[in-house]
Amino acid sequence: MKVSVKKHQESTESQGKEFAQKENTTKELIQAKEEMRVPESIFLGIMHLLAITGLVLLFTYDKQTIIRSVCLMGFLHYLSCLGIGSGVHRLWAHRSYKASTPYRVFLMVLQSLAFQGSIFHWSRDHRLHHKFSDTDLDPHNMNKGFFFAHMGWLLVKKSQALVDEGYKIDVQDLLNDPVVSFQKKNYYKLSALICFIIPTFLSYFIVGGSLVFGFLTAGVLRYIFMLHITWCVNSVCHMFGSRPYNPDILPTENLFVSIFAGGEGWHNWHHEYPRDWRACENKWYKWNPNGWFIQTAEFLGLANTHLEKVQ
Ligand SMILES: [Zn+2]
Ligand SMILES: [Zn+2]
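If you read the sequence shown in my numbering, its first letter stands for residue 1044, the second for the next number, and so on.
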């Protein structure tokens, strides 16, 4: 009898443990589900599928159309590099130079062409990235793995600690800029127009082919390519490359990323000297179109790299 009571107790205990384990697993699954940013994940998933469709469709066309389409996508890609590199990164996030209103409006338009979040949100996340580089309070902490730093961080909700730190970041200069406020208020309308509708029609009139072809190539394929190039700054440039200016930090110097991102891949220098508007050492062999663009704007009287640095 004693044996059977013991057996019964043991089996009840193990059933209890099993139940608790199941409950924990369910809780974990629910938590994992809650942490996913579902609309963003679905959007990025669909956009990637459309980009692949655009790439396949592109190669069904004749050689001349392919060349014209690649040239248009390359041109728009480099314009969006200016919007991200010279614009939201060096001007707004770091305040490494000052610029006139027409210049800021122009770069706001080019930043919208990249559709990577408004200038306000992009800058706030980036200030957090520099303040807490490669720690749990870095939005794209490299220590959580390559995929997380590359794009995984956009697919999950931010931790409460990260949200709280985001609110502590000083963004008064961004709120005071009417160009930034205008874009923030009209962000989705502006981005839909500049990132997708205008490139679609440009392709339709310049390259030829159908409107669907224009949307899938100059719109979506170019957009996804630019996203991955920008994400490479957070992933590749925190893992692969040399560290000549500070060997004790993760950011690296990476020529490959610099070529495709307009000079944003000189990341070891940039993390060491984030207020430098060049975002790289001032050497002739450092590929840096985003810096050359700022220099040209300064020559034309539209930008000033000598004024007091705010951020
Ligand atoms: Zn970085
Ligand atoms: Zn930066």
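Glycine included, every Cβ here is placed at the ideal spot set by N, Cα and C.
Quickly, what does DSSP pair alanine 1142 with across the bridge? List them, please.
-> Paired residues: Ala1346.
Consult DSSP for asparagine 1067 and reduce its assignment to one of helix, strand or coil.
-> Unreliable placement is indicated for asparagine 1067, whose pLDDT of 45 sits below 50; no coordinate value is reported for it.
Using the rule of at least 16 other Cβ atoms within 10 Å of the residue's Cβ for burial, across every protein chain shown, is tryptophan 1309 buried or exposed?
-> Counting Cβ neighbours within 10 Å, tryptophan 1309 comes out buried, since at least 16 surround it.
Identify, in the order they occur along the chain, each residue of the same chain with its Cβ nearer than 8 Å to the Cβ of alanine 1142, setting aside the five sequence neighbours on each side.
-> Excluding sequence neighbours, alanine 1142 sits near Leu1134, Leu1150, Ala1340, Leu1345, Ala1346, Asn1347.
Hey, is proline 1294 close to ligand 1, as in C-beta under 7 Å from one of its heavy atoms?
-> Proline 1294: yes, Cβ under 7 Å from ligand 1.
DSSP state of serine 1161 mapped onto helix, strand, coil = If DSSP states are grouped into helix, strand and coil, serine 1161 belongs with coil.
Which residue from Asp1168, Phe1256, Phe1175, Leu1180 puts its Cα closest to that of alanine 1094?
-> Selected option, being the one with the closest Cα: Phe1256.
What's the C-alpha gap between methionine 1079 and leucine 1197?
-> Methionine 1079 and leucine 1197: Cα-Cα distance of roughly 9 Å.
Three-state secondary structure (DSSP) at glutamine 1074?
-> Low confidence applies here, because glutamine 1074 scores a pLDDT of 46, under 50, leaving its location unreliable; read the following figure in that light. If DSSP states are grouped into helix, strand and coil, glutamine 1074 belongs with the helices.
Beta-bridge pairing of tryptophan 1309 - partner residues as DSSP gives them = BP columns for tryptophan 1309 point to Glu1296.
Measure the Cβ-Cβ separation of valine 1276 and alanine 1235 and say whether it is below 8 Å.
-> Not in contact: valine 1276 and alanine 1235 (Cβ atoms no closer than 8 Å).
Just the Cα atoms here: how many angstroms apart are arginine 995 and glycine 1209?
-> Past the edges of the chain, shown from 1044 to 1354, lies residue 995, and the structure says nothing about it.
Any idea which residues DSSP pairs methionine 1079 with across the strands?
-> Looking at the DSSP assignment, methionine 1079 forms a beta bridge with Val1199.
Which residues bound the alpha helix (DSSP H) around tryptophan 1274?
-> 1265–1277 is the span of the alpha helix (DSSP H), which, as asked, contains tryptophan 1274.
Quickly, what does DSSP pair serine 1402 with across the bridge? List them, please.
-> Lying before the first or after the last residue shown, residue 1402 is absent from the chain, which here runs from 1044 to 1354.
Go to histidine 1183, then tell me how far its alpha helix (DSSP H) extends in each direction, as first and last residue.
-> Premise fails: histidine 1183 is in no alpha helix (DSSP H) and is neither H nor E.
Chain-order list of residues whose beta-carbon lies under 6 Å from that of histidine 1169 (same chain, five-residue window excluded) | Within the same chain, and ignoring the five residues on either side of histidine 1169 in sequence, the residues whose Cβ sits closer than 6 Å to its Cβ are Ala1136.
Own chain partners of threonine 1178 with C-beta closer than 7 Å, once the 5 adjacent residues on each side are dropped | The answer, listed in chain order, is Asn1184.
CA nearest to the CA of glycine 1128, picked from Ile1089, Gly1334, Ile1237 = For glycine 1128, the closest alpha carbon among the candidates Ile1089, Gly1334, Ile1237 is that of Gly1334.
Histidine 1313 beta carbon near ligand 2 (any heavy atom closer than 7 Å) | Yes, since a heavy atom of ligand 2 falls inside the 7 Å radius drawn around the Cβ of histidine 1313.
Leaving aside the five residues before and after glutamate 1307 along the sequence, list all residues of the same chain whose C-beta is less than 6 Å from its C-beta, in chain order.
-> The answer, listed in chain order, is Gly1128, Val1276.
Heavy atom of ligand 3 within 7 Å of asparagine 1297 beta-carbon = This structure lacks ligand 3; its bound ligands are ligand 1 and ligand 2.
Host alpha helix (DSSP H) of histidine 1120 (start-end) = It spans 1106–1125 - the alpha helix (DSSP H) in which histidine 1120 sits, taken as one unbroken run.
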